[in-house]
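Have a look at the structure below before the remarks.
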Ligand code: ADP
Ligand code: ZN
């Protein structure tokens, strides 16, 4: 069975060997057995049902919870020359009938369908008359009532077992926990399924957690090493999402906001752009997530602390699906702990539920303050043992230091106690440092015995200490929401001198702001400077093809394939066919074009295309012409003329390109429209606006008017 499977892997998908347990899973399902597949994001789950679908006679039915996921897979299969369709609510009745006819004529190999549609009686009857190769249930954790992604329709999928007793079923998920696993088995009637459990480690992700000092500056420093990379920045609140997106765009990093408070079209539009364009940053709340199959997300940055390790793992896991180096970066500080603890305390729900949430938050905090390898700690939480420190996280590469904080911790706890257990960290630190300011004097705290006792440590060190006390539960945050600290039960042994306390020594801010491993884990560092030009040319060609085919660039070829082309420099079609990710169909369609770029024959054109494309992206992300000029290193005049062109091609609206006051815009439009007949040239009205707007603005307005008239 493996022989033909390998042939399909090579011919259709262009890959040489199976990854991890793919081979065994495919063999099981192709032979008619059921399977439960637990594999991390990016592990290669899709092939586990796509290959058996091609090996077995009949139609393979794939259940998927989101239209975006279905469309992505169908587009990918389409590019590979595999007949796949998605049945969803966006299709008209006529289109649906047409698909049904094609299925009856055996012209389709894979049918993607939403669960609610699959379980409709008419649909089930339709399928029962057909030869079914297999059922694949993707994102199978959606059946779990305890998870975030619960979809009631998934509960009905259990009936497939009785209705189609001889059809193999494969359920797949990237959710690891035991409880979900058992729920999938019971609810989907997969008692006879063989279980395939992979390691949940994501070895290509570099983890780093830094103390939050000046978060925006730290984020910029992190991004500077990753110019041109696509990534996600998670924030807790909607307001912060918008502020950070605006801030990043102004700093030359094209960024889009995403949160549940945005209108549906705006959200959908931003998501689509993130998938289709390269190098965009999505600043988002956790509303942004499932359904993001973009393989080349190079980093996930957290400006706020996630509520649990489950959330952290899932969110950071969206980086590096393609297996190339990627970064998970987070800035975390005392305020995060306070905010989350307060949210938890004031949340609804019974005590048991709160305790559970508290427990999850504590595990998250423990990871932040972790002294040992972060990956070991993270995996251990999911019951997986990593035998050695990973060597690929901040704690492994920076060699974290600890210090004996027993005595200062006692002083800190004493300061909390003696000041009445209601002051925040700022004030407590002032007291310890003996600062003689208004607040200290008005509270009479200059008379406390701890006043000025802590001069041996700096303000930053004290803050770090307080943060760690709260994170470890040795001090609590008040319920009233002012951030005052109280003693907790847990601190008694420390106060009584029965235990000692080792704390993490925070790195100096400059060092902490420096992002990734010294080994360089960013994708912009993937290619060497001397390879840069050819890399950009390959990417430009890919982008052009993607636009022509109306698919995201990664559907044409993933970055890993372009990188291999760059490194192996194929010189013939035969050599091109050897590149991983180049199957027969893609070789035939695109091989020659990429060979041409590699040979240098087609270099110039793509680079020009490149600048135009980038300009449109930057303008849409809200940059001013002046900022764009800085970004693209060209003159403003140049920018205006390219903007006018883009407006003429209707790639940009006037509002996206320029930020003009309404009245001024009206005046300019009138000046053009007042002339009878043809639109006058810019030269005819330039005098009128001299000194008020750059001439380029007039070109843009004219282009917009012209585009309007042509429609
Ligand atoms: P998952 O659904 O588990 O997150 P995907 O099925 O999307 O992962 O696969 C992730 C990436 O890895 C895809 O780009 C896919 O083409 C690639 N891939 C999967 N299996 C292999 C393999 N055996 N060899 C090379 N690349 C693979
Ligand atoms: Zn490590």
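Numbering (full-length UniProt numbering), first residue to last: 1 to 711. Glycine residues also receive a C-beta, built at the ideal position from the N, C-alpha and C atoms.
- Judged by DSSP in its simplified three-state form, residue 310 adopts helix.
- By the C-beta criterion, the stretch 307 to 322 is judged not to be in contact with the stretch 259 to 269, since fewer than 3 inter-stretch pairs fall below 8 Å.
- With respect to the 7 Å criterion, residue 542 and residue 556 are classified as neighbours on the basis of their beta carbons.
- Beyond the five residues adjoining it in sequence on each side, residue 371 comes within less than 6 Å, by CB distance, of 400, 402, 504 in the same chain, given in chain order.
- Per the coordinates, the alpha-carbon of residue 497 lies some 40 Å from the alpha-carbon of residue 178.
- With contact defined as three or more Cβ pairs closer than 8 Å, the stretch 212 to 220 and the stretch 40 to 59 are not in contact.
- Residue state for residue 589 is assigned as helix, using DSSP reduced to three classes.
- Taking 7 Å as the cut-off, the Cβ atoms of residue 303 and residue 235 count as close.
- Counting only runs that start and end inside the stretch 82 to 165, the beta strand (DSSP E) elements of at least 3 residues fall at 84 to 87, 110 to 113, 132 to 137.
- Each residue's CA atom was taken as its position, placing residue 506 and residue 298 some 26 Å apart.
- Of 705, 491, 15, the smallest CA-CA separation from residue 682 is found for 705.
- The beta-carbon separation of residue 535 and residue 566, rounded to 6 Å, stays under the 8 Å limit for a contact.
- The straight-line gap separating the alpha-carbon atoms of residue 333 and residue 432 is approximately 20 Å.
- Close to the ligand ZN, as judged by a C-beta nearer than 7 Å to any of its heavy atoms, are the residues 373, 374, 375, 376, 389, 390, 391, 392, 393, 395, 396, in chain order.
- Within the model, the alpha-carbon separation for residue 551 versus residue 276 is close to 7 Å.
- The stretch 2 to 15 and the stretch 136 to 148 do not touch, with fewer than three beta-carbon pairs separated by less than 8 Å.
- Assignment of residue 231 by DSSP, reduced to helix, strand and coil, places it in the strand class.
- Secondary structure note for residue 4: its alpha helix (DSSP H) is the uninterrupted segment 2 to 8.
- In terms of side-chain proximity, the C-beta atom of residue 47 is found nearer than 6 Å to a non-hydrogen atom of the ligand ADP.
- Cβ neighbours of residue 40 within its own chain (closer than 7 Å, five residues either side excluded): 174, 198, 200, 202, 317.
- Per DSSP, residue 678 lies in no alpha helix (DSSP H) segment and is marked neither H nor E.
- For the pair residue 623 and residue 114, the Cα-to-Cα distance works out to about 39 Å.
- DSSP places residue 359 inside the alpha helix (DSSP H), whose first and last residues are 351 to 368.
- Contact check for residue 580 against residue 207 fails: the beta carbons are separated by 7 Å or more.
- The Cβ atoms of residue 171 and residue 69 lie no closer than 7 Å to each other.
- Classified as exposed, residue 125 has fewer than 16 neighbouring CB atoms from the shown chains inside 10 Å of its CB.
- Residue 170: member of the beta strand (DSSP E) spanning 169 to 173, first to last residue.
- For residue 379, there is no enclosing beta strand (DSSP E); the residue is found in the alpha helix (DSSP H) stretching over 374 to 381.
- Put simply, the backbone Cα of residue 437 is about 19 Å away from that of residue 484.
- In this structure, the CA atom of residue 344 is about 15 Å from the CA atom of residue 363.
- Annotation for residue 42: 321 place their beta carbon closer than 6 Å to its own, counting only its chain and skipping 5 residues before and after.
- For the ligand ADP, a non-hydrogen atom lies closer than 6 Å to the CB of residue 18.
- If you ignore the 5 residues before and after residue 409, its C-beta comes within less than 8 Å of the C-beta of 465, 469, 474, 494, 501, 503, all in its own chain and listed in chain order.
- When 563, 678, 554 are compared, the shortest CA-CA separation from residue 528 is found for 563.
- One alpha carbon belongs to residue 353, the other to residue 145, and they sit about 15 Å apart.
- In the structure shown, residue 195 falls within a strand segment according to DSSP collapsed to helix, strand and coil.
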